[in-house]
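Here's the structure, in structure tokens; my notes come after.
Numbering (this note's numbering), first residue to last: 3 to 97.
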């Protein structure tokens with residue numbers, strides 16, 4: 003059951019936009035390969051799943067990002083509701 007949402011923002015401290023965009027694209031690929039529902043926004047990506055899946059995904063992303071030689075700022079926010087959440091598709095459909 004989907005009981006959590008993760009909002010994730012990654013900022014690589016590098017002034018070369020091509021390097022920054024490459025890292026963001028690679029992280030989005032990790033999210034895509036997780037087979038979880040996600041929505042890429044202009045400043046963050048939001049992912050639905052159960053809390054354990056999302057924690058494992060965040061761990062995978064952190065393992066990838068820590069290989070970077072540049073400083074990286076990662077902001078993650080979790081919304082958790084034991085009885086389940088409204089899926090992203092439904093939230094978007096109602097707008």
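Backbone N, C-alpha and C fix where the C-beta goes; we use that ideal spot for every residue, glycine too.
Cβ neighbours of residue 39 in the same chain (closer than 6 Å, five flanking residues each side left out): Within the chain shown, residue 39 is the residue found at index 37, counting from 1. The residues are 50 and 90.
Under the assumption that residue 32 contacts residue 62 (Cβ atoms under 8 Å), give the Cβ distance between them as a whole number of angstroms. Residue 32 sits at position 30 when you count from the first residue of the chain shown. Residue 62 sits at position 60 when you count from the first residue of the chain shown. Indeed they touch by this definition, with Cβ atoms about 6 Å apart.
Beta-bridge partners of residue 74, as assigned by DSSP: Residue 74 sits at position 72 when you count from the first residue of the chain shown. BP columns for residue 74 point to 14.
First and last residue of the beta strand (DSSP E) that includes residue 38? Residue 38 sits at position 36 when you count from the first residue of the chain shown. Residue 38 -> no beta strand (DSSP E), and no H or E assigned at all.
Bridge-paired residues (DSSP) for residue 63: Reading the chain shown from its first residue, position 61 is the one you call residue 63. Note: residue 63 sits in no beta bridge, so no partner.
Continuous beta strand (DSSP E) stretch holding residue 87: start and end: Numbered from its first residue, the chain shown carries residue 87 at position 85. Looking at the DSSP string, residue 87 is not in any beta strand (DSSP E), and its letter there is neither H nor E.
Neighbourhood of residue 81 by C-beta distance below 6 Å, restricted to the same chain and skipping five residues each side: Position 79 of the chain shown, counted from the first residue, corresponds to residue 81. Result list for residue 81: 7, in chain order.
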